[in-house]
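This report concerns only the one structure given below.
Protein chains: 2
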Amino acid sequence: MAVEIEHKYLVLENIWDKEVAHDHMVIRQGYLQTDPNKTIRVRTKGPQGYLTIKGKAVGASRPEFEYEIPVEEANELLNHFCTNLIDKTRYYVVYEGKTWEVDVFGGLNEGLVVAEIELSSEGETYSLPSWAGENVTTDMRYANSNLTINPFSMW
Amino acid sequence: MAVEIEHKYLVLENIWDKEVAHDHMVIRQGYLQTDPNKTIRVRTKGPQGYLTIKGKAVGASRPEFEYEIPVEEANELLNHFCTNLIDKTRYYVVYEGKTWEVDVFGGLNEGLVVAEIELSSEGETYSLPSWAGENVTTDMRYANSNLTINPFSMW
Numbered sequence: 001m002a003v004e005i006e007h008k009y010l011v012l013e014n015i016w017d018k019e020v021a022h023d024h025m026v027i028r029q030g031y032l033q034t035d036p037n038k039t040i041r042v043r044t045k046g047p048q049g050y051l052t053i054k055g056k057a058v059g060a061s062r063p064e065f066e067y068e069i070p071v072e073e074a075n076e077l078l079n080h081f082c083t084n085l086i087d088k089t090r091y092y093v094v095y096e097g098k099t100w101e102v103d104v105f106g107g108l109n110e111g112l113v114v115a116e117i118e119l120s121s122e123g124e125t126y127s128l129p130s131w132a133g134e135n136v137t138t139d140m141r142y143a144n145s146n147l148t149i150n151p152f153s154m155w
Numbered sequence: 001m002a003v004e005i006e007h008k009y010l011v012l013e014n015i016w017d018k019e020v021a022h023d024h025m026v027i028r029q030g031y032l033q034t035d036p037n038k039t040i041r042v043r044t045k046g047p048q049g050y051l052t053i054k055g056k057a058v059g060a061s062r063p064e065f066e067y068e069i070p071v072e073e074a075n076e077l078l079n080h081f082c083t084n085l086i087d088k089t090r091y092y093v094v095y096e097g098k099t100w101e102v103d104v105f106g107g108l109n110e111g112l113v114v115a116e117i118e119l120s121s122e123g124e125t126y127s128l129p130s131w132a133g134e135n136v137t138t139d140m141r142y143a144n145s146n147l148t149i150n151p152f153s154m155w
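So the protein sequences, as listed, match chains A and B.
1 is the number of the first residue of the first sequence in full-length UniProt numbering; add one for each residue after it.
1 is the number of the first residue of the second sequence in full-length UniProt numbering; add one for each residue after it.
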C-alpha cells in the first residue's frame, strides 16, 4: 500500500496560463464505489488504464492501491460499470523544482480548475505559484468522487 | 472483458473423497462491494493475489475482469478494506477430461462443499461425477458474495 499525500488549491484563472505546462493528458474517470471510507476509481489517462482503491483520508494523507489495467478494459468498465463520469485535462507544471498537476474540468464541472502537489511527507515544504488560490485540501466538495455526484455547475 | 460461464453443484459428501484431487489451494477472499449488479472481490490463492470485478449474471454467464495483484497488497486489502471474509480449500479434480473445482468451505460456512465446472460456451456438454448432487448454478444463496453475508451455518 502506498500513502498519497496531496495538497490541493483552487487555480486563479485570470493568472493561470496553460502555456506554462510542459505536458498534458486527457483523463476520463468514473467510480465503481464512492463510499467516503473507500473509493474505487477507474481511469484512462492518455493511452493507459488504471484501477485505484483509496481509503479514508486523514488530513492530506490517504492510503492508495493503484493497478495499471488494459485501456480497453478501463473503457469497458467506464462505459458499463461506472456512473457519473468525469472528464478533465491535466496539465503538468514544474514550479521551483516541484511538479504541480493542474486539472481543467469539463462537462458538468466546466469552470473548475484545481491544482495539486504530491508530497513525500506531511512536513515537506514548497513554494506557491502566483496562480495558486485558496487551499481546499480538506474541503470534500472538491474530491473528484464528490464532483461526480454534486458537480461544480450545480453549486 | 472475459465472460465466465460456470455450472455449480452441491457435493455429496458421503461419496466425495479429496484423494481424487490432483492439486489443491488455500483461498481467502473478501469483498469491497457486494451489489447484486457488481461485485468487487479480493482474493489470495496460494502465493498469488487477485482483484476481480464481476457484473450481473445472466443464467450461467457473467462478465468478469480479473487482475493479478501482489499478494501482500491483497492481504492488506482483505485485512483493512474488506468485511465478511471467506476461507476455503479448493481441490482440482479432472473428470472425463474436464477440470472441476471443489470448494470445501471453512469458518461460518463449514459443512458446505460445492463443485464448479467452467465452460467455454453455454452449450458445452460434460459428464457428471458421482459425487455431484443438486445443480445450484442459479441459486444465489450459494454465491460466495452472499455466503459472506448469510453464511451456510445460519441457514
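Ideal Cβ positions, reconstructed from N, Cα and C, are used throughout, including at glycine.
Nearest to ASP87 (chain A) (by Cα), restricted to the options A:ARG28, A:PHE152, A:LYS56: A:ARG28
Cutoff 6 Å; reference LEU108 (chain B); Cβ partners in own chain excluding five residues on either side: Within the same chain, LEU108 (chain B) has close Cβ partners PRO151, SER153.
From what residue to what residue does the beta strand (DSSP E) around LEU119 (chain B) run? 113-119
Taking only three categories from DSSP, how would you classify GLU64 (chain A)? strand
Can you round the beta-carbon distance between VAL104 (chain A) and LEU10 (chain A) to whole angstroms, since I take them to be within the 8 Å contact cut? The Cβ separation is near 12 Å, so there is no contact.
Can you tell me which of A:VAL58, A:THR148, A:GLU101, A:LEU112 puts its alpha carbon nearest to the alpha carbon of THR138 (chain A)? A:VAL58
For LYS38 (chain A), which of A:LYS18, A:GLU13, A:PRO47, A:GLU64 has the nearest alpha-carbon? A:GLU64
Could you list which residues in chain B have their beta carbon closer than 8 Å to that of ILE40 (chain A), in chain order? LEU32, GLN33, ILE40
Could you confirm whether any beta carbon from chain B is found closer than 8 Å to the beta carbon of LEU51 (chain A)? Judged by the 8 Å Cβ criterion, LEU51 (chain A) is in contact with chain B.
is_contact[ILE15 (chain A), chain B] using C-beta, thresh 8 Å: no
Along chain A, in chain order, which residues have C-beta atoms closer than 7 Å to that of residue 175 (chain B)? For chain B, the structure presents residues 1 to 155; residue 175 (chain B) sits outside this window and is missing.
Is any beta-carbon of chain A found at less than 8 Å from that of LEU77 (chain B)? Under the Cβ distance rule, LEU77 (chain B) counts among the residues neighbouring chain A, one pair being separated by less than 8 Å.
Enumerate in chain order the residues of its own chain whose CB-to-CB distance from TYR91 (chain A) is below 6 Å, with the five nearest sequence positions on each side excluded. LYS18, ALA21, HIS24, VAL102
Show which residues of chain A have a CB atom less than 9 Å away from the CB atom of ILE149 (chain B). Within 9 Å Cβ-Cβ: nothing; ILE149 (chain B) doesn't reach chain A, min ~17 Å.
Quick check on HIS7 (chain B): buried or exposed, where buried means 16 or more other Cβ atoms within 10 Å of its Cβ? buried
Report yes if the CB atom of ILE15 (chain A) is closer than 8 Å to the CB atom of SER127 (chain A), and no otherwise. no
Which residues, taken in chain order from the segment 81-102 of chain A, show a beta carbon closer than 9 Å to some beta carbon of chain B? Listed by position, the residues of the segment 81-102 of chain A near chain B (Cβ gap below 9 Å) are PHE81.
Residue-level contact to chain B via CB, ILE27 (chain A), 8 Å cutoff: no
Which of helix, strand or coil does DSSP assign to HIS24 (chain B)? In the structure shown, HIS24 (chain B) sits in a strand (DSSP, three-state: E or B).
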